[in-house]
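In what follows, a structure is listed as structure tokens, so that the remarks can point back to it.
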Amino acid sequence: MTIEEYMSSHRYDDNINELKTYFDSVIDWISSTFIDVESEMKGLEWNRLYETYHLQGYSPTLIHNRVQALYADEYVKKRSGIFEYILGGEQDQRLLEIRIFEEPTKKAVYARQTEKAQKDGVSNCPLCACGSNTNRVKIWKYAEMDADHVTAWSKGGATDISNCEMLCKTHNRSKGNK
Ligand SMILES: [Zn+2]
């Protein structure tokens, strides 16, 4: 229901008790779910988060531990996304805008991989090189590849050159956010 629809259907009300009760429920849920009070909690869509998640049981202590860990994680660029990320079971990493590899890092890895692949007569995408189709020996252009975390961020992998490999776009997509 939109605000306009609510106002219209309640235009003859002589008090705001219903709204106040609802507002209190949202606030109560937030304060019983989150121990932490962070400035990034301001301005979040708490109404939507309440509607989506308030029937699920959460442990405030576990949530607190995860909030602290994610606040301490240098690769999390968008801290305001931490709360919804945790409520949603830590599935949607887009909410956190995990730091991506810098262009010079990607170019250095591309050059290293491509040189080695040409020497070995295989594709410069390590996953294509293991395959059995014609891409097995294909040398992809830089623009046809994307950087991938060898060890995923969610498993503690760093966003630096030691943890960067270039994959062809198809293989990078199929690896996804794992
Ligand atoms: Zn590939």
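Terminal number for the sequence shown in the working numbering: 337, no gaps in between. Just so you know, even glycine gets a beta-carbon here, dropped at the ideal spot from N, CA and C.
| query | Is the stretch 177-193 touching the stretch 208-228 in the sense that three or more CB pairs, one from each, lie closer than 8 angstroms? | reply | Contact between the stretch 208-228 and the stretch 177-193 is present: 3 or more CB-CB pairs across the two stretches fall below 8 angstroms.
| request: Compare the C-alpha of residue 253 against each of 267, 198, 313, 268 and name the closest. | output: 313
| query | Rounded to a whole number of angstroms, what is the C-alpha to C-alpha distance between residue 336 and residue 176? | reply | Here the model assigns residue 336 a pLDDT of 46, short of 50, so the residue's position is not dependable and the matter cannot be decided.
| message | Taking the alpha-carbon of residue 199 as reference, which of 229, 289, 218 has the nearest alpha-carbon? | response | 229
| said: Using the three-state DSSP reduction, which class does residue 308 fall into: helix, strand or coil? | reply: strand
| task | Please confirm whether any heavy atom of ligand 2 lies closer than 8 angstroms to the CB of residue 291. | result | In the structure on display, ligand 2 does not appear, and the ligands it does have are ligand 1.
| task | For residue 226, collect the residues of the same chain with a Cβ closer than 7 angstroms to its Cβ; drop the 5 residues on either side in sequence, then sort them by chain order. | result | Leaving aside the five residues that flank residue 226 on each side, the residues in its chain whose CB is nearer than 7 angstroms to its CB run, in chain order, 195, 241, 245.
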